[in-house]
Each structure stands twice: as structure tokens, then as C-alpha cells.
Amino acid sequence: MSITISVLLENRLKPESKNLLCAKAGLSLFIQDENDSILFDTGPDDSFMHNTGLMGVDLTNLTASVLSHGHYDHCGGVPWIPDKCRIICHPMVANERYSAVRFPGYTARIKKLSIHNNFSRFRMEYISTPLHIN
Numbered sequence: 001m002s003i004t005i006s007v008l009l010e011n012r013l014k015p016e017s018k019n020l021l022c023a024k025a026g027l028s029l030f031i032q033d034e035n036d037s038i039l040f041d042t043g044p045d046d047s048f049m050h051n052t053g054l055m056g057v058d059l060t061n062l063t064a065s066v067l068s069h070g071h072y073d074h075c076g077g078v079p080w081i082p083d084k085c086r087i088i089c090h091p092m093v094a095n096e097r098y099s100a101v102r103f104p105g106y107t108a109r110i111k112k113l114s115i116h117n118n119f120s121r122f123r124m125e126y127i128s129t130p131l132h133i134n
């Protein structure tokens, strides 16, 4: 059995890809074998969809989408996942998350890390422990 992992979106591009593909903070992977195709994270927005078109990746028949965690740069593209797709994620993926940077003599900077997504059009599968997803 062979598995193909395609990087749909990442922070950086190879120099030869700079004029074509989008690069943004976050991650999106397309994982495929003979039977299944999985979207692992989406990145921050629809940029992963732009790249799928250029890379010839078809997401219409996904077996599942997996969200590693609820930060915007990993699940901000949820609105572009096909309707009724099975989404596997932790039950607290939609909880608000913040980051605070504090140093002595420095005013704390608070940054929102989460994003509000409407999951009602998907088949949600919440897991709290590792899951084998063949």
C-alpha cells in the first residue's frame, strides 16, 4: 500500500513555486492511499483551495477532514470543505483561544488564536484520544 502526502499550504514556498502557489501561516495536507483521501487541516482561509486547483488535487470525494487543533491557521478554511464531509477533531476545537505575550516592562499583547466556524453542515466526529482512521 502506498500513501501520498501533498502539502497544500505551508508557511514557505520553494523558490520555483513563488509565482504560482500561495503560502500562509498554518498548514494543510492532502493524504491519499488506494481507498481514502483525507484533508489534514485547512490553513487560515481558502488559500488551500487555490493551491489544490493548481496542483490538480480533487477534494470532492474526501473520506474525512481532520482538524489537529482550533487555531485559525489550521482550521480557518473550514467553510471551503465540501458539504457533509466527515470532520474528525477534538470536542473543544471550537473553543476560543488566546495568546498573551508578557515581558517585564512590556505591555501584554493579547492575540486571538481561534476562529468561529459553523460546523452544522458537516458530519462531526469528536474524539479525545488518538484514533486509527483507516
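Each residue of the sequence shown is one higher than the one before, starting from 1 at the first, in full-length UniProt numbering. Built from N, CA and C at the ideal position, the CB exists for glycine as well.
- The C-alpha of Asn-117 is placed about 16 Å away from the C-alpha of Tyr-98.
- Within 10 angstroms of the beta-carbon of Lys-112 lie fewer than 16 other beta-carbons, which makes it exposed.
- Restricting attention to Pro-44, Ala-100 and Phe-119, the CA atom closest to the CA of Ile-110 is found in Ala-100.
- Sequence-distant partners of Ile-115 (beyond 5 residues in either direction) whose C-beta falls short of 6 Å from its own C-beta, in its chain, are Tyr-72 and Gly-76.
- The three-state reading of DSSP puts Tyr-126 in strand, counting E and B together.
- The three-state reading of DSSP puts Val-78 in helix, counting H, G and I together.
- When the Cα atoms are used, Thr-52 and Pro-44 turn out to be separated by approximately 15 Å.
- Relative to the Cα of Asn-35, the nearest Cα in the group Leu-29, Phe-48, Ile-3 and Ser-47 belongs to Ile-3.
- Under DSSP, His-71 shares a beta bridge with Ser-114.
- With 16 or more other Cβ atoms from the protein chains shown falling within 10 Å of its own Cβ, Leu-39 counts as buried.
- When the beta-carbon positions are compared, Asp-83 and Phe-122 come within less than 9 Å of each other.
- DSSP, read as helix, strand or coil, puts Thr-107 in coil.
- Out of Leu-29, Asn-19 and Glu-125, the CA that lies nearest to the CA of Leu-9 is found in Leu-29.
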